[in-house]
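K.L.:
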Amino acid sequence: MRAGLGTIQQTLTPEASAVLNRAIADASRRRHGQTTPLHVAAALLSSPSGHLRQACLRSHPNPSSSHPLQCRALELCFSVALDRLPSSSSSAVPPSNDSPPPSPPISNALMAALKRAQAHQRRGCPESQQQPLLAVKVELDHLILSILDDPSVSRVMREASFSSPAVKGIIEGSLSSSPSPSPSPSPARNLYLNPRLVSSTASVASPAKSTSTASDLAKVFDVLTRTKKHNPILVGDADPGVVLREAIRRIETGDSPAQLRSVAIISTEKEFSFSSSDRSQIPSKVRELTRMVEMRIATAGVGGVVVDVGDLKWLVEGATPQQGITHIDREAVTEMALLVQRFGGSSSTVWLVGTATCATYLRCQVYFPTMETDWDLQALPIAPRSTPIAGLLPRIEPSGMLSSKLVPSSTRGFRRSVSWNDAFCYGTRQPHRERLYL
-19 MRAGLGTIQQ TLTPEASAVL NRAIADASRR RHGQTTPLHV AAALLSSPSG
31 HLRQACLRSH PNPSSSHPLQ CRALELCFSV ALDRLPSSSS SAVPPSNDSP
81 PPSPPISNAL MAALKRAQAH QRRGCPESQQ QPLLAVKVEL DHLILSILDD
131 PSVSRVMREA SFSSPAVKGI IEGSLSSSPS PSPSPSPARN LYLNPRLVSS
181 TASVASPAKS TSTASDLAKV FDVLTRTKKH NPILVGDADP GVVLREAIRR
231 IETGDSPAQL RSVAIISTEK EFSFSSSDRS QIPSKVRELT RMVEMRIATA
281 GVGGVVVDVG DLKWLVEGAT PQQGITHIDR EAVTEMALLV QRFGGSSSTV
331 WLVGTATCAT YLRCQVYFPT METDWDLQAL PIAPRSTPIA GLLPRIEPSG
381 MLSSKLVPSS TRGFRRSVSW NDAFCYGTRQ PHRERLYL
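Just so we're aligned: 193 in the working numbering is position 213 of the sequence shown, and the numbers increase by one with no gaps anywhere.
Here you go:
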């Protein structure tokens, strides 16, 4: 018979038990049927101790050349892997307000990992071999070692260009060379700050047919209705644009939270998709965007403006590893930050939305370290889905790939495109049923 959660936690030190509790809470929030090693690995990456992050950074052949943002890529990969896990069948019926959702049980794979951790602990401490099983407390480093042995965790590590055996070697070396089993990392080694890519999923059920799509849309609207970090950037390598377009469609039709039902939408996709030779125009276009936002907010009946900045590759597509970014790129980022600062705050009337691949978002983080804070961004990992959202028709590119620039077939009747100059003379209409193209 499988041991209960209380019995399992008795075998862990307080620090390791806290990690397991965070993993269970994450699985419960995501409405997963079980708590798996993937949940524990994600919890370890966000752990205040930073043991796993530091081991990952030191696991490269040349640690001095490793960048802390590589751990951001690793956390993003784990977030996407967790989004791919199926939801529990019981999540179809939301729990009552009086009772919290039940804690997902420990999976067989995680139970095996916990037993491996206990075995590691007993082998590493000879005097504990004579003690009862429950008296052996598994420390955090031994928990990390056993989690890294799990095949699903190793696979995600490989996707982010990390090697589980190499990371294990770093941790085992620190255990053999240090008398303290759980050393606290010094402030100088704390090279990575958790970007908190995972946001809370709204508890209100979405009418979308796909469960994964409903969850993604709930995340988007949850971020948009915050007072801080309320500008979502949907990050994924498959189809983040599909979810964003569906969210914009719902805002346009009024099928969105109340505070978004009277907003205007401005799309910058065409204006910001310049070739490298025209990049010098981007800062001036951002300043024009600021004036346009100001005019739209002054229009009667408009409760705010949602600015669709499109795919963030326009910020880094011209950068090279040798030359990096130019002053024009930095100026564009600064101008957009001024727009957010001017209309931001707790009573914000402007929202930014956009998309990026994992590589693009990480390049933005490397080239513009303060951009996430200055733009008040919240990155939302979007897992790939096998079928598109109903009503969205993908366009086939010459390469045979499906384009992420999908056009909602149900909204063509009320979408209006105007030129950049005409937008300044745009009259008052139902704001949520009109879209301006710069």
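Glycine is no exception: its CB is placed at the ideal position from the N, C-alpha and C atoms.
Give me, in chain order, the residues of the same chain whose beta-carbon lies closer than 8 Å to that of LYS293; leave out the 5 immediate sequence neighbours on both sides.
P.N.:
By one-based count along the sequence shown, residue 293 stands at place 313. ALA336, THR337 and THR340.
K.L.:
For THR335, name the three-state secondary structure that DSSP assigns.
P.N.:
Start at 1 with the first residue of the sequence shown, and residue 335 comes out as number 355. THR335: strand per DSSP, three-state reduction.
K.L.:
Buried or exposed: where does GLY281 fall if 16 or more other Cβ atoms within 10 Å of its Cβ makes it buried?
P.N.:
Indexing the sequence shown from 1 puts residue 281 at position 301. So GLY281 ends up on the exposed side.
K.L.:
Quick one, are the C-beta atoms of TRP331 and LEU204 less than 8 Å apart?
P.N.:
On the sequence shown, residue 331 is found 351 positions in, with the first residue counted as 1. On the sequence shown, residue 204 is found 224 positions in, with the first residue counted as 1. Yes, these two residues count as a Cβ contact at 8 Å.
K.L.:
At what residues does the beta strand (DSSP E) containing GLN358 begin and finish?
P.N.:
The count along the sequence shown starts at 1 and reaches residue 358 at position 378. Counting along the chain, the beta strand (DSSP E) containing GLN358 begins and ends at 357 to 361.
K.L.:
Give the secondary structure of GLY153 by DSSP, where H, G and I count as helix, E and B as strand, and everything else as coil.
P.N.:
As a first step, residue 153 is located in the sequence shown; it is residue number 173 there, counting from the start. Reduced to three states, the DSSP call for GLY153 is helix.
K.L.:
Report the partner residues of PRO212 according to the DSSP bridge assignment.
P.N.:
Here residue 212 is taken as the residue at index 232 of the sequence shown, counted from 1. Paired residue(s): GLN358.
K.L.:
Per DSSP, what kind of secondary structure is SER(-3) in: helix, strand or coil?
P.N.:
Against the sequence shown, residue -3 aligns to sequence position 17. Note: SER(-3) maps to helix in three-state DSSP.
K.L.:
Considering just the uninterrupted stretch of the alpha helix (DSSP H) at GLY324, what are its terminal residues?
P.N.:
Along the sequence shown, one-based indexing puts residue 324 at 344. Careful: GLY324 lies outside any alpha helix (DSSP H) and carries neither H nor E.
K.L.:
Which of the three DSSP states, helix, strand or coil, is assigned to ASP292?
P.N.:
For the purposes of this step, residue 292 is identified with residue 312 of the sequence shown, where counting begins at 1. Note that residue 292 corresponds to Leu in the displayed sequence, not to Asp. The answer is coil: DSSP assigns LEU292 none of H, G, I, E or B.
K.L.:
What are the boundary residues of the beta strand (DSSP E) that includes VAL243?
P.N.:
Residue numbering aside, residue 243 sits at position 263 when the sequence shown is read from its first letter. Note, VAL243: beta strand (DSSP E), 243 to 247.
K.L.:
In the DSSP assignment, find the unbroken alpha helix (DSSP H) run with THR279 in it and report its ends.
P.N.:
Taking the first residue of the sequence shown as position 1, residue 279 is located at position 299. Looking at the DSSP string, THR279 is not in any alpha helix (DSSP H), and its letter there is neither H nor E.
K.L.:
Measuring only the C-alpha atoms, how far is ALA5 from ALA198?
P.N.:
Reading the sequence shown from its first residue, position 25 is the one you call residue 5. Reading the sequence shown from its first residue, position 218 is the one you call residue 198. Near 18 Å, if we compare the C-alpha coordinates of ALA198 and ALA5.
K.L.:
Report yes if the CB atom of ILE308 is closer than 8 Å to the CB atom of PRO361, and no otherwise.
P.N.:
Counting from 1 along the sequence shown, the entry for residue 308 is found at position 328. Counting from 1 along the sequence shown, the entry for residue 361 is found at position 381. No, they are not a contact pair.
K.L.:
What residue range is occupied by the uninterrupted alpha helix (DSSP H) comprising THR233?
P.N.:
Within the sequence shown, the letter at position 253 stands for residue 233. It spans 220 to 233 - the alpha helix (DSSP H) in which THR233 sits, taken as one unbroken run.
K.L.:
Indicate whether VAL215 and CYS36 have their beta-carbon atoms separated by less than 8 Å.
P.N.:
Within the sequence shown, the letter at position 235 stands for residue 215. Within the sequence shown, the letter at position 56 stands for residue 36. It is not a contact, given that the beta carbons lie outside the stated cut-off.
K.L.:
Taking THR(-13) as part of the alpha helix (DSSP H), name the residues at either end of that continuous run.
P.N.:
The sequence position of residue -13 within the sequence shown is 7, counting from 1. Segment -15 to -10, the alpha helix (DSSP H) holding THR(-13).
K.L.:
If I'm right that THR15 touches ALA(-2) with Cβ under 8 Å, what's the distance once you round it to whole angstroms?
P.N.:
Walking along the sequence shown from the start, residue 15 turns up at place 35. Walking along the sequence shown from the start, residue -2 turns up at place 18. So it is not a contact: roughly 14 Å between Cβ atoms.
K.L.:
Here's a check: name, in chain order, each residue in its chain whose Cβ is nearer than 6 Å to the Cβ of VAL118, leaving out the five neighbours to either side.
P.N.:
To locate residue 118, count along the sequence shown from 1; it is residue 138. Taken in chain order, the residues that qualify are THR(-9), LEU(-8), ALA(-4), ALA97, GLN98 and GLN101.
K.L.:
Would you mind reading off the limits of the alpha helix (DSSP H) that contains ARG33?
P.N.:
Within the sequence shown, numbered from 1, the residue matching residue 33 stands at position 53. Run containing ARG33: 31 to 38, per the alpha helix (DSSP H) assignment.
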